[in-house]
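Protein chains in written order, with this note's numbering: chain A, 630 to 953; chain B, 18 to 300.
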């Protein structure tokens, strides 16, 4: 229960922490636009290097960044496999026949069993997963005995470029977005978002209310987790043991957890609403902020760099400048 | 023998992976048919201690012997479910654990989890409701439409319906009005006297503790600072360091003996005080 960390703020003191949260949000949007308008592999590679360099200067531990990527490993591998198989352009680099045969299917079954056993024993789950995916295809290539079905695997240069391009894009997007949550406190993020969305007030979009809702939600996540643990324990002493019961019983046991949580949250919401009103909160009324946001030199520089990158991009895309 | 703690410690993990000790090398034996009270400041480890009594928490170090079970379990096949049937734990504000459509069904939830049939569970639920003095006509109502005090009775009935040999209560009278808490304590006393259930009670209210408990444990900074009877507790030289109050009757006695020169005698309840005063008056 306590492993869930939302926002994942990493305390620090580098230049990116001193940036205005509003600018950080705008910068993220701008850089995402840049990432999605780039059309050549070389430019994407340059952008990836730039992103990595930027991360190095922010003082965020690189390991933490990579740990965040782990959740994406499956998606990345999947994209890689699909792309390598289906993009067939450019020079042919490598070709082989793949076989689905009695021998290779047998070997695959053994492999899956071995993988599941090894998964519980080892700490290097990601490496193991990659090795597993490689072995799945390797076995199909080297075990043709007792053939049922076979197909060709052709690796083209274009396929590799396209895959690299997509992988880089995903990596950049994820790294930049997590950089925002790593280096901005949820409250600052919320204030920044409110400020950035302010123009939408013209079309009667409830910006202030939305940001209040957001900050209340973030504030109450740990509280609710706490309550959940309490209720879980209380129900456990009435014989609810999630690990020791059958699936059929589990359903009613989950209900015994959900209903009290709902009751508690409604009660809390009501109390909170009363407490807010007692302190003079009026929906839609103008409020002042305790932290005034100020623009600094870093903000100016970063926005300028991003705007330059974006213009360069647009110029390349429209053919005014020729790409490298 | 009921429960035995052998050198039990429990550590909480902090955000930065540092550990805090909630209880530290606890040695404690709770016999059958005891009425035990646990006192101590907030944060002294009382709740952590009682959560070990029905295996909700497993000790980081040491061993807890709960009837014939040993925690932590040695073999995978040993289940901890049966322990919870024998030791009923009532949490602070137990009314929040209610969830069923009707009160009767909610009381039946515990027994049914331990594998009883619907008829048996219902019979037990009705018995438990009678014991907790929940009116018959309430049983078919929703547990969310009754008062807070009654909700607590229902929650306690839900534990009693499992017919535990030991009842562990974490501040059962907290948030109740004086009448409600008096009735609640009378119920536990009756369970102890008539039905022979072992009671372990966490409470800050020294009036309640000294009126009912036969043995008192004081927790201080994750350790047991005092273990003994009420008569010795209030005379303990370290009493001030436990941050406990004395019972009202006891304070009154102290005041009277100082102001009226009545010879001091330990009294714990208003009745005892009155009796003693009458006695003194006669002489």
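All residues carry an ideal CB built from backbone N, CA and C; glycine is no exception.
Given the structure is predicted, the values throughout are model-derived calculations rather than measurements.
What is the DSSP secondary structure of residue i, reduced to helix, strand or coil?
i, result
"residue 242 of chain B", "strand"
"residue 251 of chain B", "coil"
"residue 79 of chain B", "strand"
"residue 289 of chain B", "helix"
"residue 689 of chain A", "coil"
"residue 21 of chain B", "strand"
"residue 721 of chain A", "strand"
"residue 45 of chain B", "strand"
"residue 667 of chain A", "coil"
"residue 261 of chain B", "coil"
"residue 929 of chain A", "helix"
"residue 708 of chain A", "helix"
"residue 212 of chain B", "helix"
Answer with yes or no whether the minimum CB distance from residue i to chain B is below 8 Å.
i, result
"residue 859 of chain A", "yes"
"residue 864 of chain A", "yes"
"residue 697 of chain A", "no"
"residue 668 of chain A", "no"
"residue 639 of chain A", "no"
"residue 867 of chain A", "yes"
"residue 880 of chain A", "no"
"residue 884 of chain A", "yes"
"residue 870 of chain A", "yes"
Can you name the residues that DSSP bridges to residue i?
i, result
"residue 780 of chain A", "A/727"
"residue 38 of chain B", "B/28"
"residue 149 of chain B", "Answer by DSSP bridge pairing: none, since residue 149 of chain B is not bridged."
"residue 944 of chain A", "Its beta-bridge partners do not exist; DSSP assigns none."
"residue 105 of chain B", "B/184"
"residue 197 of chain B", "Answer is none; residue 197 of chain B lacks a bridge partner."
"residue 852 of chain A", "Bridge partners of residue 852 of chain A: none, in fact."
"residue 785 of chain A", "A/721"
"residue 235 of chain B", "B/56 and B/243"
"residue 846 of chain A", "Partner(s): none; residue 846 of chain A has no beta bridge."
"residue 217 of chain B", "B/53 and B/185"
"residue 87 of chain B", "B/82"
Using a Cβ cut-off of 8 Å (strictly closer), state whether residue i contacts chain A.
i, result
"residue 101 of chain B", "yes"
"residue 130 of chain B", "yes"
"residue 28 of chain B", "no"
"residue 111 of chain B", "yes"
"residue 98 of chain B", "yes"
"residue 71 of chain B", "yes"
"residue 79 of chain B", "no"
"residue 105 of chain B", "yes"
"residue 68 of chain B", "yes"
"residue 192 of chain B", "no"
"residue 127 of chain B", "yes"
"residue 116 of chain B", "yes"
"residue 108 of chain B", "yes"
In or out: residue i buried (at least 16 other Cβ within 10 Å) or exposed?
i, result
"residue 739 of chain A", "exposed"
"residue 630 of chain A", "With a pLDDT of 40 at residue 630 of chain A, under the threshold of 50, the predicted position of this residue should be treated as unreliable, and no value is reported."
"residue 299 of chain B", "exposed"
"residue 928 of chain A", "buried"
"residue 827 of chain A", "exposed"
"residue 743 of chain A", "exposed"
"residue 745 of chain A", "exposed"
"residue 823 of chain A", "buried"
"residue 903 of chain A", "exposed"
"residue 267 of chain B", "buried"
"residue 278 of chain B", "exposed"
"residue 866 of chain A", "buried"
"residue 212 of chain B", "exposed"
"residue 634 of chain A", "For residue 634 of chain A, the predicted structure reports a pLDDT of 45, less than 50, and the residue's modelled location is therefore unreliable. A value from the coordinates is still provided. The residue is exposed, with fewer than 16 neighbouring Cβ atoms inside 10 Å."
"residue 907 of chain A", "exposed"
"residue 112 of chain B", "buried"
"residue 170 of chain B", "buried"
"residue 136 of chain B", "exposed"
Between residue i and chain D, is the shortest Cβ-Cβ distance under 8 Å, so that the two count as touching?
i, result
"residue 683 of chain A", "Although the question refers to chain D, the structure presented lacks it and instead comprises the protein chains A and B."
TODO: May I ask you to list, following chain order, the residues of the region 228-260 of chain B that have a beta carbon less than 7 Å from some beta carbon of chain A?
DONE: Flagged: no residues at all.
Open item on the list: At a CB distance below 8 Å, what residues from the region 888-907 of chain A approach chain B? Give them in sequence order.
Closed with: Result list: 888, 889, 892 and 893.
Task: Residues in the region 158-188 of chain B having any Cβ partner in chain A nearer than 8 Å - done: Here the close residues are 161, 175, 176 and 179.
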